[in-house]
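Enquirer: Attaching a single structure in structure tokens format; questions to follow.
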Amino acid sequence: MPRIQRALLSVSNKKGIVEFAQFLESIGIEILSTGRTAQILQEKGLNIREVSNYTGQPEILDGRVKTLHPKIHGGILAVRSDKGHLQEIKELGISLIDLVVVNLYPFEETIQKKNVTLQEAIENIDIGGPAMLRAAAKNWQDVAVICDPDDYADLIEELKQRKGEISKETSFRLSKKVFALTSRYDGAVAAYFSGGREEEFPEVFSLQAEKIQDLRYGENPHQKAAFYKAVGATGRSPLQEASVTSSKQLHGKELSFNNILDLDATIELVKEFEAPACVIVKHTNPCGVAVGTIANRDRDRGTCRQLFVEARSCDPLSAFGGIIGFNREVDLETAEEIGKDFYECVVAPGFSEEALEILKAKKNIRLMQIPPYPPLSKGGWDFKRVAGGLLVQDRDRIVEDIRGSKVVTKRPPTEEEWDAMVFAWKVARHVKSNAIVLAGPPSEGQGEENGMLRTLGVGAGQMSRVDSVRLAISKMDTLSPRRERVLASDAFFPFRDNVDEAAKAGVTAIIQPGGSLRDQESIDAANEHKIAMVFTGIRHFKH
């Protein structure tokens, strides 16, 4: 590229712009600028030529039109090796612009403000900025472009070393950064207008994400992978929510692809509970969950360890090497118990200093802290990728009145059975279909007085529902009490054999959606076994 002789500076984010402009002026580069940027630079004693003076056209419409002028875009887009271009701009009195430094109105930051109005969002949609950036990036072989203040320092060093020139390699790299930025910016605007307005699902779906990190590999060592975070407005997805992307790693090895998937499953399930809870996940399925009563909220210390022990006792073999999630701070006693075996990750809103000291002694365990969060967010979209396309749906966050479910058997559930069914139903919608969850009180003598509940067995991902029932039953340990054993099924029973198998295992109450052509057979079986059964009318498949 030829030596830079003229630069255009027009920035919303003023970070570092004064120092960068001072350097440009010191090596003899003429500076064009607009509005507030020009004012700030002039106040610092810089010799700035305002764009309106150069074009002969003042800013109009309250600054909405500043740089949309042939003298600006002609100076940027002219191809220096094209004699016809050079002759044309000479005849029109257009000067070449060799460096464009622009960053955009803060649209994403604006729409994340509380109670932002539509008009406020509209006024923060940049028009001239993206046009100049794209023009410069398109003509990268002749024009350098900067859209990120963090690039100023590196560019200063290169200009020093190359005596006012920029390499084509650097210019091409900066142009790619521009197209990524403008794509993200336009995507955020499109998502805001389609996701926050009347339209349920937009005709063209836009999702923007920025890379958090490259991963060592994907699901398997032969697959490359990276971790991305959704940015800006992503349709109806919440912008701020406790999640694996908002978590902070406090200790341990770099997260793997599978760790991230399992952490997501763990966090989404533990957020279901306001009462103290512990979740253990393996391969995205919960293999153990325990929850205390709301009364335990004010006396969390001492309950955390007990919850972990009860969650683990559901399926200790599967729990080994799993992901542990809490919705309360991890204390010393809990850390000591966790430290007895190997686990991939522990995620919680916090860790006591003593707990961190204990857990950090284990080199390989990952410790993740999630921000405090309110009850489960009700909004958002869920995405599933298929070859060549994308499936988009509402997240499974429907608010249900479980205790208002239809009782279909002669015997209604007891209060204790209702409590256990509410718990089991919450867990079931986080288990891969076909999903069966057995739940009830903890092991004999281990917290009944606190109203604690735990999973007794989980049957996940089987092709037939009765096999899921049998699998869940096979996971039950001999210490679990036979009273108030409840079963939750994510979808209806196609045959009565599911109820018959549950009865053999001592199940006393069943919660399921209902809706099968053979519902009456299942109801009759439940009545025969004196099992209470309720229909929710809501299915919770998870594929």
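First residue of the sequence shown: 7, per my numbering; consecutive thereafter.
A virtual CB, placed ideally from N, CA and C, is assigned to each residue, including glycine.
Let's see if you can read the secondary structure: which residues bound the alpha helix (DSSP H) around G394?
Expert: It is not in any alpha helix (DSSP H) - G394 carries neither H nor E in the DSSP assignment.
Enquirer: Going along the chain, which unbroken runs of the alpha helix (DSSP H) with 4 or more residues stay wholly within the stretch 114–197?
Expert: 124–129, 134–144, 158–167
Enquirer: Enumerate, from N- to C-terminal direction, the unbroken alpha helix (DSSP H) stretches of 4 or more residues contained entirely within the stretch 59–122.
Expert: 76–83, 89–97, 113–117
Enquirer: So the candidates are P112, E343, S16; which of them puts its Cα closest to the Cα of K72?
Expert: S16
Enquirer: For A511 and K259, I'd like the C-alpha separation in whole angstroms.
Expert: 42 Å
Enquirer: Considering only the alpha carbon of each residue, which of V149, E422, I131 lies closest to E70?
Expert: According to the sequence provided, residue 70 is Arg. The question's Glu does not apply to it. Comparing C-alpha distances from R70 to each of V149, E422, I131 shows the shortest one belongs to I131.
Enquirer: Starting from M427 and walking both ways along the alpha helix (DSSP H), at which residues does that stretch end?
Expert: 421–434
Enquirer: At the level of alpha carbons, what is the spacing between Q147 and P378?
Expert: So the alpha carbons of these two residues sit roughly 49 Å apart.
Enquirer: In whole angstroms, what separates the C-alpha of Q518 from that of M427?
Expert: 10 Å
Enquirer: Given this structure, state the Cα-to-Cα distance separating Q229 from S262, to the nearest angstrom.
Expert: 12 Å
Enquirer: Where does E247 fall in DSSP's three states?
Expert: Of the three classes helix, strand and coil, the one that applies to E247 here is coil, per DSSP.
Enquirer: DSSP state of V24, grouped into three classes?
Expert: helix
Enquirer: Reducing DSSP to helix, strand and coil, say where I404 ends up.
Expert: coil
Enquirer: In chain order, what residues of the same chain have a beta carbon less than 6 Å from the beta carbon of I23, not counting five sequence neighbours either side?
Expert: V17
Enquirer: Taking the alpha helix (DSSP H) that G41 falls in, what are its first and last residues?
Expert: Counting along the chain, the alpha helix (DSSP H) containing G41 begins and ends at 41–49.
Enquirer: Can you grab the Cα-Cα spacing for the pair V107 / I218, in whole Å?
Expert: 25 Å
Enquirer: Compare the C-alpha of V595 against each of Q375, I364, D337 and name the closest.
Expert: A question about residue 595 goes unanswered here, because the residues of the chain that appear run from 7 up to 549.
Enquirer: Taking the beta carbon of G453 as the centre, do at least 16 other beta carbons fall within 10 Å, making it buried, or is it exposed?
Expert: With a pLDDT of 49 at G453, under the threshold of 50, the modelled position of that residue is not reliable, and the figure given next carries that caveat. So G453 counts as buried.
Enquirer: According to DSSP, Q255 sits in a beta bridge with which residue or residues?
Expert: M374
Enquirer: Would you check if the distance between the CB atom of D321 and the CB atom of K481 is smaller than 9 Å?
Expert: yes
Enquirer: Could you give the distance in angstroms between the alpha-carbon of A196 and the alpha-carbon of K120?
Expert: 20 Å
Enquirer: For F207, which residues of its own chain have a beta-carbon under 7 Å away from its beta-carbon, when the five flanking residues on both sides are left out?
Expert: V398
Enquirer: Do L98 and K77 have their beta-carbon atoms positioned less than 9 Å apart in this structure?
Expert: yes
Enquirer: D220 bridges to which residues according to DSSP?
Expert: A232
Enquirer: Taking L110 and Y191 to be in contact with their CB atoms under 8 Å, please state how far apart those CB atoms are, rounded to whole angstroms.
Expert: Between the beta-carbon of L110 and that of Y191 there is about 6 Å, and that keeps the pair under the 8 Å contact cut.
Enquirer: Can you tell me where the beta strand (DSSP E) with I286 in it begins and where it stops?
Expert: 283–288
Enquirer: Which first and last residues belong to the beta strand (DSSP E) in which F541 is found?
Expert: 538–541
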